[in-house]
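For the sequence shown, the numbering used here gives the first residue as 3, with consecutive numbering after it.
Yeah, the Cβ is synthetic: ideal placement off N, Cα and C, and Gly gets one too.
Just below is one structure, and these are the notes that go with it.
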Amino acid sequence: MELEPLIIINLSGGLLIALIVWWFWIYKSGGVAVGEGAVTILVENGIYTPSRIRLPAGQGVLLHFIRKDATPCAAMVVFEDFAISEELPLNKPKDIVLPPLEAGEYAFTCQMRMYQGALIVSASA
Numbered sequence: 003m004e005l006e007p008l009i010i011i012n013l014s015g016g017l018l019i020a021l022i023v024w025w026f027w028i029y030k031s032g033g034v035a036v037g038e039g040a041v042t043i044l045v046e047n048g049i050y051t052p053s054r055i056r057l058p059a060g061q062g063v064l065l066h067f068i069r070k071d072a073t074p075c076a077a078m079v080v081f082e083d084f085a086i087s088e089e090l091p092l093n094k095p096k097d098i099v100l101p102p103l104e105a106g107e108y109a110f111t112c113q114m115r116m117y118q119g120a121l122i123v124s125a126s127a
């Protein structure tokens with residue numbers, strides 16, 4: 003039995019596992035937006051764009067979600083810190099109004115936590 007094919011198979015499997023871990027738990031995609039008042043978030047290709055949104059503390063924000071991804075995972079957005087869970091209709095805007103926020107970082111995800119985003123609220127956004 004030759005070891006070369008086994009080494010190639012094991013290396014390929016390890017690389018695939020590393021890629022999956024990187025994509026779902028490490029990679030921060032979708033860029034950073036600075037918002038005041040209203041921000042549009044596109045839900046497409048496994049990411050929120052922008053995925054990280056900088057906001058000033060003490061101000062409310064209107065988030066316009068536009069879902070282009072027909073997969074079931076993209077159908078909901080969840081803000082656990084605010085007990086908000088909203089269905090996102092396909093190819094139609096969905097507005098979510100958040101009250102004035104204190105400084106901190108607030109995650110938003112799909113119901114399976116594969117789509118991930120964050121509101122970064124600071125005294126100087």
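At the C-beta level, Gly60 and Glu107 stay beyond 9 Å of one another. One thing to note: Arg69 has its Cβ no nearer than 9 Å to the Cβ of Asn47. Our two residues, Thr42 and Ile22, have alpha carbons roughly 28 Å apart in a direct line. Three or more beta-carbon pairs drawn from the stretch 110-127 and the stretch 74-88 are found closer than 8 Å, and the two stretches are therefore classed as touching. Going by DSSP, Pro7 is part of the alpha helix (DSSP H) stretching over 5-23.
9 Å or more divides the Cβ of Val123 from the Cβ of Arg54.
Within the same chain, Ala59, Ala105 come within 7 Å of Ala125 by CB-CB distance, once the 5 residues on both sides are set aside. Its Cα nearest to that of His66, the residue Val99 stands out among Val99, Ile49, Pro74.
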